[in-house]
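Engineer: Below you'll find the structure I mean.
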Amino acid sequence: MTARPDPDRPHDHEIPLAGGFVNDVVRVGDTVRRTSGPWTPAVHALLRHLEEVGFAESPRVLGIDDLGREVLSYLPGETMPWTNWPRVLCDDDGVAQLGRLLRRYHDAVSDFRPPPGAVWRNPLAGPGEIIRHGDFSPFNTTWVDDTVVGLIDWDFARPGRRIDDLAYLAWQLVPLQPEGRRKEYGLDSRLDLPGRLSVLCDAYGGDYSPAEVVAAAIDVIEAERGDTAELATWGLQPWVRFADDGSLQAFAAEARWLRRTRDFWAGNGGEVPCPD
1 MTARPDPDRP
11 HDHEIPLAGG
21 FVNDVVRVGD
31 TVRRTSGPWT
41 PAVHALLRHL
51 EEVGFAESPR
61 VLGIDDLGRE
71 VLSYLPGETM
81 PWTNWPRVLC
91 DDDGVAQLGR
101 LLRRYHDAVS
111 DFRPPPGAVW
121 RNPLAGPGEI
131 IRHGDFSPFN
141 TTWVDDTVVG
151 LIDWDFARPG
161 RRIDDLAYLA
171 WQLVPLQPEG
181 RRKEYGLDSR
191 LDLPGRLSVL
201 CDAYGGDYSP
211 AEVVAAAIDV
221 IEAERGDTAE
231 LATWGLQPWV
241 RFADDGSLQA
251 FAAEARWLRR
261 TRDFWAGNGG
271 EVPCPD
């Protein structure tokens, strides 16, 4: 049997990892050390369940180190950049891979029962069908040779609807966003965007139509705005920083834009407004 890395091994060779927008994240050997909080026990229970049912793409829980940080197994591969996406994300294959990964996660978590008194990072989370990943996007996956192999950054896991995870992924991946953002990602302006959304829905299993996903995406964006506004007034991070960075205005603008263009995204005709 392969020995698990020791969470208490010396941590003087720490390598900061890409991302870490919300938490400080470092690599130590074959482990990842991340800021812990009141939500960590619930997230660890979720990750242990995923390990037990054979979901291979999630990190394994190794414990808490002597600095109070959670210790997870390091997942191989490269994370996705915020600009100039690699070809796999621009093609239908990458879209389909992420849709299938999300479905595998939802199937794996379907019988998970959170521990009594579970605390989630977003304290506004209510009851839900499942425990959502909560931040399922290309940026929280790892890839080896154009194949997705890992799903990371579980801090925002919380109860919710399956379609909300799918809608969040569509928002970030298709993306259901104005042209300026698509240019940042390096997507060809001639790309069949409603087609990408259909590929994602089909890869997930066809449970939801593109129109349903677009409607859910509007709800998700508005919920992100509402939660940010509320939790920022509570003084909670990272929502204070999100509010200070202009996220409230950005969420409101994207929700309005998506409402205006919902027929286009659902494949029912209509034009994407230009300019954004």
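Numbering (the UniProt record's numbering), first residue to last: 1 to 276.
Just so it is clear, CB atoms sit at the ideal spot from N, CA and C, and this is done for glycine as well.
In this text the structure is predicted, and so the values were computed from the model without any measurement.
1) Please confirm if the stretch 109-126 is in contact with the stretch 170-185, defined as three or more CB-CB distances below 8 Å between the two stretches.
2) To the nearest angstrom, how far is it from the Cα of Leu151 to the Cα of Leu46?
3) Would you kindly report the start and end of the unbroken alpha helix (DSSP H) that includes Trp171?
4) Check whether the Cβ atoms of Arg158 and Ala203 sit closer than 9 Å, and answer yes or no.
5) Whole angstroms is fine: what's the gap from Thr141's alpha carbon to Thr233's?
6) Compute the Euclidean distance between the alpha carbons of Gly128 and Tyr105, then round it to the nearest angstrom.
7) Please report the straight-line C-alpha distance between Ala223 and Gly77, rounded to a whole angstrom.
8) Between the alpha carbons of Arg103 and Ile15, how many angstroms are there, rounded?
9) Give, in chain order, every unbroken run of the beta strand (DSSP E) that is at least 3 residues long and sits entirely within the stretch 11-51.
10) With contact counted as at least three CB pairs below 8 Å, one residue from each stretch, are the stretch 225-242 and the stretch 159-171 in contact?
11) Which residue's Cα is closest to the Cα of residue 278: Leu248, Asp164, Asp145, Gly195?
12) I'd like the span of the alpha helix (DSSP H) that includes Leu124, first residue to last.
13) Tell me the rounded alpha-carbon separation between Val88 and Glu184.
14) On a Cα-Cα basis, can you pick out the residue from Glu70, Glu57, Asp145 that is closest to Val25?
15) Between Pro86 and Leu75, which are expected to be in contact by the criterion C-beta below 8 Å, what is the C-beta distance as a whole number of angstroms?
16) Based on the DSSP output, what are the partners of Trp265 in its beta bridges?
17) So what's Glu70 in DSSP terms, helix, strand or just coil?
18) Based on Cα-Cα distance, which residue from Leu200, Val144, Trp120 lies nearest to Phe156?
19) Which parts of the stretch 148-227 are runs of the beta strand (DSSP E), unbroken and 3 residues or longer, counting only runs that do not cross its ends?
20) What are the residues that DSSP puts in a beta bridge with Gly63?
21) Pull up the distance between the alpha-carbon of Ala266 and that of Asp207, whole angstroms please.
22) Given that a residue counts as buried once 16 or more other Cβ atoms are within 10 Å of its Cβ, and exposed if not, what is His133?
23) Can you list, in chain order, the residues of its chain with a C-beta nearer than 6 Å to that of Gln97? Leave out the 5 residues immediately preceding and following it.
24) Which one or two residues does DSSP pair with Arg132 in a beta bridge?
25) Is it true that the CB of Asp153 sits closer than 9 Å to the CB of Asp135?
26) Would you mind reading off the limits of the alpha helix (DSSP H) that contains Trp239?
27) Express the C-alpha separation of Pro138 and Arg33 in angstroms, rounding to a whole number.
Structural biologist: To lay it out plainly:
1) no
2) 13 Å
3) 162-173
4) no
5) 31 Å
6) 15 Å
7) 32 Å
8) 32 Å
9) 25-28, 31-34
10) no
11) Residue coverage of the chain in this structure runs from 1 to 276, which leaves residue 278 outside it and unanswerable.
12) No alpha helix (DSSP H) holds Leu124; DSSP gives it neither H nor E.
13) 16 Å
14) Glu70
15) Their Cβ separation, rounded to whole angstroms, is 18 Å, which puts Pro86 and Leu75 out of contact at 8 Å.
16) Paired residues: none, contrary to the question.
17) strand
18) Trp120
19) 158-160
20) Val71
21) 15 Å
22) buried
23) Val148
24) Arg158
25) yes
26) 239-244
27) 21 Å
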